[in-house]
Structure formats: structure tokens, C-alpha cells
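Numbering (my numbering), first residue to last: 2 to 195.
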């Protein structure tokens, strides 16, 4: 004997309830009731675990994508530095200029040098100052030293001995010149060019 009842939960949500005859002759009725009463809990657990799994997969793929982007970025910087060492200045500029715009500190410092010396670009103390300044503000010791020199000599910027002193101290605090002096076995600051 089957009866269909409308669920009193809501007008929109309906469910079918099957009522099987009870009694000693129907051994499935109590098992069926137990199985179906566990079903909503299992469904909820499955949904939650799927959502958790998907969010873990998303964060893992984001990390992999970030790592891949960093590796590609690093490879482009290294390729640009290698091109510069081989005096391939046009190639260097094409590789490093977009990276410098994105804030890469080594690319910014190298563009400062390129504009300072006129390697692959028109010599421009103002552009050199701009790129050295960006790298120096991020803590690039050699760029800090070059910025101090530019302030001291008024190259690409108005002469400002106070700023020259500040950037010289920052370069020293960042370790500029100490490495070369230690390698030479002296306590004198090293005179390094970029």
C-alpha cells in the first residue's frame, strides 16, 4: 500500500514519501528507513568535501601559476643581464625595460646605467636619475651609491649635497663597497662602476 504525502516544509519544496506496510513480513522497511535517513548527511558531507577540494585545487593552481610567472620573470632578467654583458644593448633594453616598468629592481638599476653611459640608448642623465632613483628606493645598494653621486655632482638633478650624503649613507648601510674592499683585503671603500 503506497501513499503520497506533501511535505509540510514549504509550498515550493515537495517530497515523496513511500509508506511500506510494516510488520514481521517486511524485513526491508526498517533497513530502508535507516538508509534513507543517512542519505541527507552523506550528501551534505560530499558537497562540503567537493567544495573544499575545489578550493584547495584553485589555491594550488594559483601558487603554481605565480611560481611559473616568477620563474619566467627571473629568466627574462637573466637573459637581459647576459645580453648586456655581451654588449647587445638593444636586446637588453627590449628585455629589461618592461620589467623595470613593472618594478624589477635589477632592471631599473641597469637601465640607470644604460642611460648614464649611453649604452643602447641616448645618453640622458635625467632618465638615468629616474631609473637609479626607483632602484635605490627599493634598496639596491649600487643604485643608492650612483644616486648619491648624481646628487653630489648635479647630474640629471639639481645639486643637493644633503641628499648626496643621505644616499651615500644608505648605500654604505646596504653594504655597497664593503664587499669589494673585503675582497681586496683593505678597509678602504671600493670605487666600483656599474
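Each residue gets a CB set at the ideal place from its N, CA and C atoms; glycine is no exception.
Closest in alpha carbon position to residue 155, among 127, 135, 175 and 136, is 127. Only residues of its own chain outside the window of five on either side were considered, and among them none has a CB closer than 6 Å to the CB of residue 74.
In this structure, residue 96 places its C-beta atom within 8 Å of the C-beta atom of residue 84.
Here the alpha carbon of residue 103 sits roughly 11 Å from the alpha carbon of residue 135. Counted as a single uninterrupted DSSP element, the stretch harbouring residue 156 is not any alpha helix (DSSP H), since DSSP gives it neither H nor E. In terms of Cβ geometry, residue 92 and residue 112 do not form a close pair [threshold 8 Å].
Between the beta-carbon of residue 101 and that of residue 132 there is about 6 Å, and that keeps the pair under the 8 Å contact cut. The C-alpha of residue 89 lies about 8 Å from the C-alpha of residue 121. Annotation for residue 129: the continuous alpha helix (DSSP H) segment containing it runs 126-138.
A direct Cα-Cα distance of roughly 32 Å separates residue 143 from residue 64. Counting along the chain, the unbroken alpha helix (DSSP H) around residue 113 starts and ends at 106-118. Within the region 64-110, the runs of alpha helix (DSSP H) at least 4 residues long that lie entirely inside it are, in chain order, 90-102. For residue 169, the three-state secondary structure derived from DSSP is helix. Straight across, the Cα-Cα distance linking residue 106 with residue 137 is about 8 Å. Residue 149 is classed as buried because its beta carbon has at least 16 other beta carbons within 10 Å across all chains shown. CA-CA distance, residue 71 to residue 80, rounds to 14 Å.
Relative to residue 129, the option among 67, 141, 147 and 161 whose CA is nearest is 147. In this structure residue 117 is not in contact with residue 78, their Cβ atoms being roughly 19 Å apart against a cut-off of 8 Å.
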